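Position 200 of the sequence shown, counted from 1, bears residue number 199 in numbering that gives the first Met the number 0, the numbering being contiguous throughout. All residues carry an ideal CB built from backbone N, CA and C; glycine is no exception. Nothing here was measured: the structure is a model prediction, and the numbers come from that model.
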Amino acid sequence: MSLPIIIDCDPGIDDAFSLAMAIASDDLEVLGITTTYGNVGLSHTTTNALRVVDWFGADIPVYSGVDRALLGTPVDASEYHGATGLEAPELGPPSSVPQSEDAVSFLIRTLRVSTRKITIVASGPLTNLAVMLRLAPDVAAKIERIVFMGGSTDYGNDSPAAEFNMLCDPHAAQIILDSDIPTTMFGLNVTHQVIATPERVQMLRSIGNDTGRVFADMSVYFEKVYRERYGFNGSALHDSCTLAWLILPELFETRVMRVDVETNSGLSYGRTVHDIWNIAGKVPRTEVAVHADAEGFFTLLKSLLAKLR
Ligand code: RIB
Ligand code: CA
């Protein structure tokens, strides 16, 4: 029985890897893709989600969501992903258009009518999900878990303290963390363990299909900032960790703890604060990934991309 999921994302090169993994996996049933602003503006992220879905010929509806944070000034990550957010010429323009229904309405409608609980995989700012909960608090009972890429138990990437998705909208993230929905967090502390080194990129190329080649090229494009700023030997495929955990949870070690987000302005704005010793005495309900089997991740990634075009 495949797991029903909805992917909320801001494609985004690493988001595109996640979408490919979800499309390839027999363990997951993607009910829809909802897009948010984030890496680049909403128009681009929505177009990019359509480009990926159409290139694979996948029958998955795409719904466009919110175009800005609840509060705060807009940021973007185009320096990592390119001006369009997905510098992958071979994907070409989309052949389809987004659904007329907006993302939040789709989420609420789908959760309300579903006879099964649904897992939401989030790899961008959490604004769509926060608006969903504010408009329809009842749908929380229909959500199995929110698995999100965001935050960190150590340092930030878009500020010294904050990871990009959390920095985009810390208030939205806190709304999710304050809800009673179980969450699983893949922060930079673990996603920076999953580096697409030249050897691993070559392994993707060796698949020998269009997907291996195109996604290897995407990963190489993504490397620029990781090499220059972080001195990494390749790019970090952050978002893909969420899908890998759903498919093969044994690839990651997690610890349950309370996580909150700093919403006050200042040096730590957007930082996730993880209470590993439960000092504040709040209810710990976030599984925080603390270790990744990187080799196992890339073996899974290769096996999934090999199933595609
Ligand atoms: O900090 C990494 C996250 O920000 C990833 O989701 C990446 O796609 C960007 O959105
Ligand atoms: Ca993302």
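Should the segment 215-234 be regarded as contacting the segment 135-154, the criterion being three or more beta carbon pairs within less than 8 Å?
At 8 Å Cβ cutoff, the stretches do not touch.
With a threshold of 8 Å (Cβ to nearest heavy atom), would residue 269 be considered close to ligand 2?
Checking the Cβ of residue 269 against ligand 2 gives no.
Endpoints, the beta strand (DSSP E) within which residue 29 is located:
Per DSSP, residue 29 is one residue of the beta strand (DSSP E) stretching across 27-34.
Segments assigned alpha helix (DSSP H), at least 4 residues, entirely inside the segment 102-154:
Listed in chain order, the complete alpha helix (DSSP H) runs (minimum 4 residues) inside the segment 102-154 are 102-112, 126-134.
Can you grab the Cα-Cα spacing for the pair residue 174 / residue 183, in whole Å?
Distance between the alpha carbons of residue 174 and residue 183 is about 15 Å.
So, for residue 108: in the same chain, excluding its five sequence neighbours on each side, which residues have a beta-carbon less than 8 Å away from its beta-carbon?
Excluding its 5 nearest sequence neighbours in each direction, residue 108 has C-beta neighbours in its own chain below 8 Å: 100, listed in chain order.
When the Cα of residue 51 is compared with those of 191, 42, 240, 92, which residue comes out closest?
Among 191, 42, 240, 92, the Cα nearest to that of residue 51 belongs to 92.
Within a Cβ cutoff of 6 Å, which residues of the same chain sit near residue 270, ignoring the five residues on either side of it in sequence?
Excluding residues within five positions, the ones whose Cβ falls inside 6 Å are 160, 161, 261.
Exposed or buried, residue 45, counting other C-beta atoms within 10 Å across all chains shown (16 or more means buried)?
Per the 10 Å Cβ criterion, buried.
Considering only the beta carbon of each residue, do residue 164 and residue 37 sit closer than 9 Å?
Between residue 164 and residue 37, the CB-CB gap stays under 9 Å.
Whose C-beta lies closer than 6 Å to the C-beta of residue 47 among residues of the same chain, with five residues either side of it excluded?
Closer than 6 Å at Cβ, skipping near neighbours: 10, 84, 85.
Enumerate in chain order the residues of its own chain whose CB-to-CB distance from residue 4 is below 8 Å, with the five nearest sequence positions on each side excluded.
Only 21, 27, 28, 29, 30, 117, 118, 119, 120, 245 meet the Cβ criterion.
Alpha carbon to alpha carbon, what distance is there between residue 213 and residue 124?
For residue 124 and residue 213, the distance between alpha carbons rounds to 26 Å.
Alpha carbon to alpha carbon, how far is residue 239 from residue 218?
Rounded to the nearest angstrom, the two C-alpha atoms are 12 Å apart.
Along the chain, where does the alpha helix (DSSP H) containing residue 97 start, and where does it finish?
Per DSSP, residue 97 is not a residue of any alpha helix (DSSP H), being assigned neither H nor E.
Is it true that the segment 289-298 meets the segment 246-265, where meeting means three or more beta-carbon pairs spaced less than 8 Å apart?
Output reads yes: the segment 246-265 touches the segment 289-298.
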